Amino acid sequence: MGVIIPLYNLARHCKDPIIRRQIISLLRSFKRQEGLWNSLLVANALDRIVEIEESVWSEVNAHSDQMRPLIVDPILDLDSKGGRLVYTRQGQEINTQIKIVEEMFTW
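Numbering-wise, my numbering comes out as the position in the sequence shown, counting from 1, plus 1200.
Next up, the structure:
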């Protein structure tokens, strides 16, 4: 069994920023390829996921009485050339539409 997928899942579900950054650092340090899962690509995707989630939570905490929580639901899809990170975001107002955002990563 590989280590990239379990580390990715751990970082995705852990909300401790120190542990998340340690996992990202670890993924960068050993430069592994496990099937389609490349540790550097996954580290870059996790960096972006953490950045998105932390910005959302800072916005929610700063305006918790005025703001509906933003939705972030990242999905990492990998292929032989790189990866695609897809997530959803909802604006601050209750009636705003959910936006689907797609970002591409390459090896």
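Even glycine gets a Cβ: it sits at the ideal position worked out from N, Cα and C. Computed from a prediction, not measured in an experiment: that's the story for all the values here.
Among the options, whose alpha-carbon lies nearest the alpha-carbon of residue i?
| i | options | result |
| --- | --- | --- |
| L1278 | N1244, K1299, I1252 | N1244 |
| L1241 | I1219, C1214, L1207 | L1207 |
| R1221 | V1250, V1203, N1209 | V1250 |
| S1280 | N1238, R1212, I1223 | N1238 |
| D1273 | E1302, L1236, D1216, G1283 | E1302 |
| R1232 | H1213, G1202, N1209, P1217 | G1202 |
| I1252 | G1235, I1223, I1275, L1236 | I1275 |
| F1230 | I1300, I1204, Y1287, I1219 | I1204 |
Could you check what DSSP says for residue i in three-state terms: helix, strand or coil?
| i | result |
| --- | --- |
| R1232 | coil |
| D1273 | coil |
| D1247 | helix |
| T1288 | strand |
| M1267 | With a pLDDT of only 45 at M1267, under 50, the local geometry of the prediction cannot be trusted, and the value read off the model is given with reservation. Three-state result, M1267: coil. |
Tell me the residue span of the alpha helix (DSSP H) that contains residue i.
| i | result |
| --- | --- |
| P1206 | 1204–1213 |
Along the chain, where does the beta strand (DSSP E) that runs through residue i open and close?
| i | result |
| --- | --- |
| K1299 | 1298–1306 |
Determine, using beta carbons only, whether residue i and residue j come nearer to each other than 9 Å.
| i | j | result |
| --- | --- | --- |
| F1305 | R1289 | no |
| L1246 | R1212 | yes |
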